[in-house]
Amino acid sequence: MQLNRFLAIATLVIGLHSCNKTPEITIVSPDKIQIHQKLTIALENTTNSEVEYFLDGISVGKQPSLHLDIHDYKLGKHTLQAKVGTSENATMKEKKVIFLAPSAPKVYGYKVIHSFPHDRTSFTQGLEFHNNHLYEGTGQRGKSVLRKVDLHTGEVLQEQALAKKFFGEGITIFNDKIYQLTWQNKLGFIYDLDTFKTLNTFSYQESLEGWGLTHNNTHLIKSDGSEKIWFLNPENGKEERVIEVYTNKKKINNLNELEYIDGKIYANVWTKNAIVIINPKNGAVEALVNMKNLAKQLDNKTVADSQDKVLNGIAYNATTKKLYVTGKNWDKIFEIEIIK
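Structure follows, in structure tokens:
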């Protein structure tokens, strides 16, 4: 009986202690929000009037609740923090929030204008025009090459093979140099444009792998197979800026071959028959080009049902204003027109 009485008293004490426990202070805000909306931030379970809010480590206000304008922010993951209480007894609270595009991407179609022969053995990773010449980088260990190609005949005019340990990836041409990524070696090559002689290499820092590569007037632009796109210093390969690619609902990962056209980033998405058009300032997917059924126009019909011989390769000829696409082991390169 005494044991039962002891257990009853202990249970009562624990229950009273639980009832008197102070609720934990939490940040109240959306988990996801489109950047055209105001971000509302407040605290729950606090009576303390001393509060300061931070967004990505920068103070954004000291009011009990805030309504932030976030339309100029990049998309993707951000960190909210609240410093509660005086500096001597302050408590820091943290929450993650994802910023989304302000609207759904437009959906475009395409029209094939011409088709040209393409080496069926080329596991295409990068495709680029420069001074009316077509350049291509291919993948797979022991088969990776950099080459200059005649668009109309498919003839290889110049070629440089990579060492067998490297899996070649995206290419771009900037300031009379050719840049080529490797997949998992965290290493890129820099070649002389005319001779294909290796001039230098550069290492990746935070980016996971090497996938696609293009450039604007100041930076190399690199994908790494995730939703992130990195902006690299062309002199030393340093990753100076990053954006995360999102629609109004979700992130778009597996970003692959890239091309920079009229101020926008065009990207293949691994295993998808589509090209996404991305705002390079904030990462918003502004449009999607539905490329469904393009592979069915190949002579080799088995490619259309393949899991890895997919659409990959975007080249824009700035001189003629024409756009070309191909895929891994495709037997054709297509000149297309995007139908808006």
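Those letters in the sequence shown? Residues 744 to 1083, by our numbering.
Backbone N, C-alpha and C fix where the C-beta goes; we use that ideal spot for every residue, glycine too.
As the structure is a prediction and not an experimental result, all values here were calculated from the model.
{"Asked": "Under 8 Å between the Cβ atoms of L818 and A847?", "Found": "no"}
{"Asked": "Between the beta-carbon of N1060 and the beta-carbon of G1070, is there less than 8 Å?", "Found": "no"}
{"Asked": "In angstroms, rounded to a whole number, what distance separates the CA positions of S808 and T822?", "Found": "17 Å"}
{"Asked": "Please report the distance separating the alpha-carbon of E898 from that of T867.", "Found": "15 Å"}
{"Asked": "CA-CA distance, G931 and T915?", "Found": "11 Å"}
{"Asked": "Whose C-beta lies closer than 8 Å to the C-beta of M744 among residues of the same chain, with five residues either side of it excluded?", "Found": "Bear in mind that a pLDDT of 44 at M744, under 50, signals an unreliable position, so the model cannot answer this."}
{"Asked": "Going by C-alpha to C-alpha distance, which of H873, N999, G1006 sits closest to A1017?", "Found": "N999"}
{"Asked": "Short of 7 Å in beta carbon distance, which residues of its chain neighbour I804, apart from the five on each side in sequence? Order them along the chain.", "Found": "The sequence shown places Gly at residue 804, rather than the Ile named in the question. Y796, listed in sequence order."}
{"Asked": "With burial defined as no fewer than 16 other Cβ atoms inside 10 Å of the residue's Cβ, what is the status of A906: buried or exposed?", "Found": "exposed"}
{"Asked": "With DSSP run on the structure shown, which of helix, strand or coil describes T1045?", "Found": "helix"}
{"Asked": "For L1066, which residues from the same chain have a beta carbon less than 6 Å from its beta carbon, with the 5 sequence-adjacent residues on both sides left out?", "Found": "Y1059, I1079"}
{"Asked": "By a C-beta neighbour count over all protein chains shown, 10 Å radius and 16 as the cutoff for buried, is D1042 buried or exposed?", "Found": "exposed"}
{"Asked": "Does the structure place the region 880 to 897 close enough to the region 909 to 924 that three or more beta carbon pairs sit under 8 Å?", "Found": "yes"}
{"Asked": "Can you look up P848 in the DSSP assignment and give me helix, strand or coil?", "Found": "coil"}
{"Asked": "Once the 5 residues before and after N996 are set aside, which same chain residues still bring their CB inside 6 Å of it?", "Found": "S969, E970"}
{"Asked": "Taking V988 as part of the beta strand (DSSP E), name the residues at either end of that continuous run.", "Found": "Counting along the chain, V988 falls outside any beta strand (DSSP E), and DSSP gives it neither H nor E."}
{"Asked": "Hey, quick one: how far does the beta strand (DSSP E) through T938 stretch, first residue to last?", "Found": "Counting along the chain, T938 falls outside any beta strand (DSSP E), and DSSP gives it neither H nor E."}
{"Asked": "Excluding five sequence neighbours on each side, which residues of the same chain lie with their C-beta closer than 7 Å to the C-beta of I770?", "Found": "I784, L786, L823, A825, K836, K838"}
{"Asked": "Look at the alpha carbon of Q777 and the alpha carbon of W926, and state the distance between them as a whole number of angstroms.", "Found": "33 Å"}
{"Asked": "Looking at the structure shown, is L1037 part of a helix, part of a strand, or coil, going by DSSP?", "Found": "helix"}
{"Asked": "In the DSSP assignment, find the beta strand (DSSP E) that holds Y1067 and state where it starts and stops.", "Found": "1065 to 1070"}
{"Asked": "Determine the burial state of F749: buried for a count of at least 16 other Cβ atoms within 10 Å of its Cβ, exposed for fewer.", "Found": "Confidence is the limiting factor: at F749 the pLDDT is only 43, short of 50, which leaves the residue's position unreliable and the question unanswerable from this model."}
{"Asked": "Look at L894 and L877 and say whether their C-beta atoms are less than 8 Å apart.", "Found": "yes"}
{"Asked": "Taking only runs of the beta strand (DSSP E) that begin and end inside the region 814 to 893, which ones reach a length of at least 3 residues, in chain order?", "Found": "819 to 827, 834 to 843, 849 to 860, 867 to 873, 876 to 881, 888 to 892"}
{"Asked": "Give me whichever residues DSSP pairs with I908 in a beta bridge.", "Found": "Residue identity check: residue 908 is Lys in the sequence provided, not Ile. The partner list for K908 (beta bridge, DSSP) is empty, contrary to what the question assumes."}
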